[in-house]
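Sequential numbering from 0 applies to the sequence shown in numbering that gives the first Met the number 0. What follows is a set of notes on a single structure, which appears directly below.
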Amino acid sequence: MGLIDDATLQQGLNKLKAHDLYDDLDKYVYSRQAVFQERLAIEGGSARHGYNLALAHSNENNELSAKAERLSLQFDQVLKVNNWLTFQLNTSITDRKGKSGKQSISSFGNSAGQVVPYASLADENGLAVPLVRFLNQDYLFGLKGLPLLDWNYYPKEDYKYTKVQNHVRELLISPTVIIKLPMGLEFQSKYNYQYQTSENVTLNDQESFYTRDLINKFTQIAKDGKVTYLVPMGAIRRSNIAGLHVHNVRNMLLLNRRLGIFELNGLAGMEIRNAVSESEGTIRYGFNEN
0 MGLIDDATLQ QGLNKLKAHD LYDDLDKYVY SRQAVFQERL AIEGGSARHG
50 YNLALAHSNE NNELSAKAER LSLQFDQVLK VNNWLTFQLN TSITDRKGKS
100 GKQSISSFGN SAGQVVPYAS LADENGLAVP LVRFLNQDYL FGLKGLPLLD
150 WNYYPKEDYK YTKVQNHVRE LLISPTVIIK LPMGLEFQSK YNYQYQTSEN
200 VTLNDQESFY TRDLINKFTQ IAKDGKVTYL VPMGAIRRSN IAGLHVHNVR
250 NMLLLNRRLG IFELNGLAGM EIRNAVSESE GTIRYGFNEN
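Printed below as a string of structure tokens:
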């Protein structure tokens, strides 16, 4: 490597001083958040029976262009059998989906977790330029000619090759019995059942920095030039499927009684809860979507 004269050095320093990473973040990474919500509700009933049915839907694109969608159905009922016995039933079904967006500035740090404020995400023509992640540019320059993948990190484009999706489904059922007793006492028994399934999938294409970095780290080059890729070429796919079953019973005895100018309040109760969760995860190397 050769030396540069003072004029060239000063020109380069002035260029760095004039550039602000946050200008690139505003231009290429962050955008306006948008939230769209719709809700339809119907309610009715009589003196003894009441119901409420609500359907809600929402779509959100956050400042990193990540997407979140939620669809929910809520159905509540109240049945008053007589003056001392009441039944309630609350049911809800929820479906949530999410997709990853662009990478935030917290992902741009080097091995020390630092991000230089004069870094650039793109050149004058808008083409992505690399940022130092774990290996400096001088070391990477010395690797030219070796059978390795491009080891540079391009934060402006990397999100296109790293996709994270999640899908959660949930069912909640909560019946309640309310019994009014003499002397200001009231007994409540409530049962909650929750069933939830979730699936999370992360796909790092071969073009993503994560996959290129892992393949290069485990590449072996023998003295005779033979190349062995211990991590095969192709994408890396991680998936996790989880399930949750929850049973919960809560019994309470309430006291609310007025004695002349005094008011007596009390509560006693017990709760039993049982939760069972299970999950299964897989990692596939050399994954090909086709």
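Just so it is clear, CB atoms sit at the ideal spot from N, CA and C, and this is done for glycine as well.
Under the DSSP assignment, K216 falls in the alpha helix (DSSP H) whose first and last residues are 208-216. S119 has no beta-bridge partner at all, per DSSP.
The alpha-carbon separation between Y190 and S207 amounts to approximately 48 Å. Counting the other Cβ atoms within 10 Å of the Cβ of Y21 gives fewer than 16, which makes it exposed.
If you look at D22, you'll find it isn't in any beta strand (DSSP E); it sits in the alpha helix (DSSP H) that goes 20-23.
Between V248 and I271, the CB-CB gap stays under 9 Å.
Look at L139 here: in three-state DSSP terms it is helix.
Inter-segment contact for the region 109-128 and the region 56-71 is absent: fewer than three beta-carbon pairs are separated by less than 8 Å. For S106, the three-state secondary structure derived from DSSP is helix. The beta carbon of R256 is closer than 7 Å to those of M182, G183, L263 in its chain, skipping five residues each way along the sequence. In this structure K216 is exposed. Its beta-carbon is surrounded by fewer than 16 other beta-carbon atoms within 10 angstroms. When DSSP states are grouped into helix, strand and coil, V77 belongs to the strand group. If you draw a straight line from the Cα of A221 to the Cα of L243, it comes to about 49 Å.
Assignment of Y158 by DSSP, reduced to helix, strand and coil, places it in the helix class.
V245 has Q193, A274 as its beta-bridge partners, per DSSP.
Fewer than three Cβ pairs drawn from the region 191-202 and the region 133-147 lie within less than 8 Å of each other, which leaves the two stretches out of contact.
Listed in chain order, the non-local C-beta contacts of L130 below 7 Å within the same chain comprise F107, A118, Y152, P154, local neighbours out to five positions each way being set aside. Apart from sequence neighbours up to five positions away, the residues of its chain that approach S30 with a beta-carbon distance below 7 Å are E62, S64, ordered along the chain. Listed in chain order, the non-local C-beta contacts of V275 below 7 Å within the same chain comprise H244, local neighbours out to five positions each way being set aside. Taking C-beta separations shorter than 6 Å and ignoring five residues to either side along the sequence, the partners of I41 in its chain run L52, following chain order. Per DSSP, the continuous beta strand (DSSP E) segment holding R95 begins and ends at 84-98. In this chain, G259 is not harboured by any beta strand (DSSP E), its DSSP state being neither H nor E. Where Q36 is concerned, the enclosing beta strand (DSSP E) starts and stops at 33-44.
S99 and Q164 have their C-alpha atoms some 6 Å from each other. C-alpha of T175 to C-alpha of Y209: approximately 51 Å in a straight line. In the structure shown, V128 falls within a coil segment according to DSSP collapsed to helix, strand and coil.
Beta-bridge annotation (DSSP): F286 is paired with A234. H166 is not a Cβ neighbour of K66, given a cutoff of 9 Å.
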